[in-house]
């Protein structure tokens, strides 16, 4: 006697899971790149601002 589980039709296959993981990794990499670029520009701006103030006071 075989029993059919109605929930088994809602399962996600391995390819769909891998695709979802790849999309999540791609989205994370894109966001982290943007955040890193913004922080880099802020730090470079702060450093150059301080450097210009030091050079002006000499």
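In the UniProt record's numbering, the protein residues as written are 1 to 58. Glycine residues also receive a C-beta, built at the ideal position from the N, C-alpha and C atoms.
Just reading off the alpha helix (DSSP H) that residue 51 is part of, what are its end residues? 14–57
Measuring only the C-alpha atoms, how far is residue 1 from residue 14? Note that residue 1 has pLDDT 49, beneath the 50 cutoff, so the model's placement of it is unreliable and no number is given.
Keeping to the same chain, check which residues put their C-beta closer than 8 Å to that of residue 22; ignore five residues upstream and five downstream. none
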